[in-house]
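Sequential numbering from 12 applies to the sequence shown in my numbering.
Quick reminder that beta carbons are idealized off the backbone N, C-alpha and C, glycines included.
Remember, predicted model here, so these are calculated numbers, not experimental data.
Below is one structure, written out as structure tokens, with a few remarks after it.
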Amino acid sequence: MEIERKFLIKALPENLETYPCLLIEQAYLCTDPVVRVRRQNEDYYMTYKGRGLMVREEYNLPLNREAYLHLKAKADGRTITKKRYCIPQDALTIELDVFSSPEGLIMAEVEFPTEEAALAFTPPDWFGEDVTDDSRYHNSNMI
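In structure tokens, the structure reads:
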């Protein structure tokens, strides 16, 4: 189960380059339900995501590079790319995504252990609008 809130960003945090960064490419085989393949640096996964906004099912399966490339070709160019900065925030991690495709979008995601924790979360000042309930900001809808 994935419990996650999403936010647009008003301003980038200071010293962004000091945080760990992942290079991510995601190709979508299906968007209802979401079935995608992902390259994250040199790790590869296939992910299934169920319906929902803040709370939904999520299953990740490891892939090798060859399987990833084979499945990526089936996505017919429905791909997004982004840099993900992992920023510690108390006991949580802010995943700040700077998209190359779609170009110019910057968004933060925060995953939570419970729905109660998600609802009680106070975002930092540099966060903008909460877009958790806006399905346009699901990565699968941005292709």
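Asked                                                                                                                                                                 : Found
Can you find the residues in the same chain that come closer than 6 Å, C-beta to C-beta, to residue 59, ignoring five residues on each side of it along the sequence? : 46, 70
Could you spell out where the alpha helix (DSSP H) holding residue 127 opens and where it closes?                                                                     : 126-131
Residues in its own chain within less than 8 Å of residue 113 by CB, not counting five upstream and five downstream?                                                  : 91, 153
Could you round the C-beta distance between residue 140 and residue 119 to whole angstroms and report it? I think they count as a contact, below 8 Å.                 : Not really, about 11 Å apart at Cβ, beyond 8 Å.
With 16 other CB atoms within 10 Å as the buried threshold, where does residue 76 fall?                                                                               : exposed
Return yes when at least one heavy atom of the ligand NAD lies under 7 Å from the C-beta of residue 153, else no.                                                     : You won't find the ligand NAD in this model; it holds no ligand whatsoever.
Would you verify that the beta carbon of residue 20 is, or is not, closer than 8 Å to some beta carbon of chain C?                                                    : Within the model displayed, chain C is absent; a lone protein chain is all it includes.
Residue 39 and residue 151 - do their beta-carbons sit closer together than 8 Å?                                                                                      : yes
List the endpoints of the continuous beta strand (DSSP E) containing residue 69.                                                                                      : 69-74
According to DSSP, simplified to helix, strand and coil, what is residue 62?                                                                                          : coil
For residue 82, which residues of its own chain have a beta-carbon under 8 Å away from its beta-carbon, when the five flanking residues on both sides are left out?   : 38, 40, 48, 57, 74
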